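Novice:
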Amino acid sequence: VSFFHGTGQGLPELVAMHHKVLRVFTRGISTFKLVDVSPEVSRALAERQPVLALESTIITHGMPYPRNLEMAESVEQIVREQTNTRRQKPQPAKFTRPFKNDAKLACFKGAVPATIGIVGGRVKVGLERDSMVELAILKTPAVKTSRRDFPYVLSKGLNGGTTVSGTIIVANLVGIKVFATGGIGGVHRGGEVSMDVSADLTELGRNPVTVVSSGVKSILDIGRTLEYLVTTPLIHDRWLCFSKDGTHD
751 VSFFHGTGQG LPELVAMHHK VLRVFTRGIS TFKLVDVSPE VSRALAERQP VLALESTIIT
811 HGMPYPRNLE MAESVEQIVR EQTNTRRQKP QPAKFTRPFK NDAKLACFKG AVPATIGIVG
871 GRVKVGLERD SMVELAILKT PAVKTSRRDF PYVLSKGLNG GTTVSGTIIV ANLVGIKVFA
931 TGGIGGVHRG GEVSMDVSAD LTELGRNPVT VVSSGVKSIL DIGRTLEYLV TTPLIHDRWL
991 CFSKDGTHD
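One point on numbering: in the numbering used here, the residue at position 6 of the sequence shown is 756, and numbering is uninterrupted.
(1) Give the secondary structure of Val903 by DSSP, where H, G and I count as helix, E and B as strand, and everything else as coil.
(2) Helix, strand or coil: how does DSSP classify Asp786 here?
(3) What does Leu802 pair with, by DSSP beta-bridge criteria?
(4) Can you tell me whether Ala796 is buried or exposed? The criterion is at least 16 other CB atoms within 10 Å of its CB, across all chains shown.
(5) Go ahead and pull the three-state DSSP assignment for Ser948.
(6) For Val787, which residues from the same chain have a beta carbon less than 7 Å from its beta carbon, with the 5 sequence-adjacent residues on both sides left out?
(7) Bridge partners for Asn909 per DSSP, in chain order?
(8) Using 8 Å as the threshold, is the segment 973-980 in touch with the segment 921-939, meaning 3 or more CB pairs across them?
(9) Across the segment 815-833 and the segment 889-899, are there enough close Cβ pairs to call them in contact, namely three or more that are closer than 8 Å?
(10) Would Ala886 and Ala803 qualify as a contact pair, given that the criterion is a beta-carbon distance under 7 Å?
(11) Throw me the rounded Cβ distance for the Ala861 and Val825 pair, which I believe falls under 8 Å.
(12) Which same chain residues end up closer than 7 Å to Asn957 when comparing Cβ atoms and leaving out the 5 residues on each side of it in sequence?
(13) Using DSSP with H/G/I as helix, E/B as strand and the rest coil, what is Val829?
(14) Once DSSP output is grouped into helix, strand and coil, what is the label at Val959?
(15) CB Ser964 to CB Gly935, shorter than 7 Å?
(16) What residue from Ser792, Gly870, Val943 and Ser881 has the CA that sits closest to Phe900's CA?
(17) Can you tell me which residues form a DSSP beta bridge with Arg872?
(18) Restricting to Cα atoms, I'd like to know which of Pro814, Glu953, Lys927 and Pro800 is closest to Thr832.
(19) Residue range of the alpha helix (DSSP H) that Leu976 falls in?
(20) Label Met882 either buried or exposed according to how many other C-beta atoms from any shown protein chain fall within 10 Å of its C-beta, with 16 as the threshold for buried.
(21) Quick one: what's got a C-beta closer than 8 Å to Thr913's C-beta in the same chain, skipping five residues either side?
(22) Since Ile809 is in the alpha helix (DSSP H), which residue starts that stretch and which ends it?
(23) Consult DSSP for Ile969 and reduce its assignment to one of helix, strand or coil.
(24) Rounded to a whole number of angstroms, what is the C-alpha to C-alpha distance between Pro891 and Gly907?
(25) Identify, in the order they occur along the chain, each residue of the same chain with its Cβ nearer than 6 Å to the Cβ of Ala794, setting aside the five sequence neighbours on each side.
(26) By Cβ distance below 6 Å, which residues in the same chain neighbour Gly910 in space, the five residues on each side in sequence not counted?
Right under this line is the structure:
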């Protein structure tokens, strides 16, 4: 506010400047190639195959080695082995038997996992095993990376584990539409006083990426988090929570 005070610029000029900065920032990411997409993920996106984004903070900060590496590889394998059933042709407008076209169902083998992390100051979409091992062993410390941390981590050439919010940002940048994770952040206990609200919730509203989650982390204020989710525009359409019996709410 103090920077623009007395400049005589109105709101439209400030909004235009804001969009100009965003365009420069986005173009900079593309120009300097700070994002490396693996050949497998690139091919899947080009061929419009299903791709599922996965975070990396659970590798760098969630579990000790070697359990974190085993978990990450196991999750990727599960994603690959899932079988999806899809109709080859849409149902006709009028039919007499509800499932008469069931013989035309086609099975598709799984999805392509795209674990996202930062290695040596470069964002990796689809971590290769060597990079995943490097993040898991933590021979070089990794920074827990959200939106605010990207400039520092990338400019310093550091390693980073992307949080839910950080993963959402990168997934949207490269065109991945679905992201799966364990628990998302939310409103912390006492958040009505401290205003401590996870950036995960903010990015849910900023980026058109569907987040499939087991729910809000139990250490948080679940009631206030759910209230935030259902009352903030755009967020409730992009977040799915699955209960133990597989039903969603």
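Even glycine gets a Cβ: it sits at the ideal position worked out from N, Cα and C. All values derive from a computational prediction rather than experimental measurement.
Specialist: To lay it out plainly:
(1) helix
(2) strand
(3) Pro863 and Val928
(4) exposed
(5) coil
(6) Val875, Gly876 and Val924
(7) Ala892
(8) yes
(9) no
(10) no
(11) That pair is no contact at about 12 Å.
(12) Ile918, Ile919 and Asn922
(13) helix
(14) coil
(15) no
(16) Gly870
(17) Val869
(18) Reading off the sequence shown, one finds Gln at residue 832, where the question assumed Thr. Per the Cα distances, Pro800.
(19) Ile972 to Thr981
(20) buried
(21) Glu805, Thr807, Lys894, Thr895, Ser896, Gly935, Ala949 and Asp950
(22) Taken as a continuous stretch (DSSP letters only), Ile809 belongs to no alpha helix (DSSP H), as it is neither H nor E.
(23) coil
(24) 12 Å
(25) Val801 and Val862
(26) Ile868, Ala892, Val893, Thr895 and Val903
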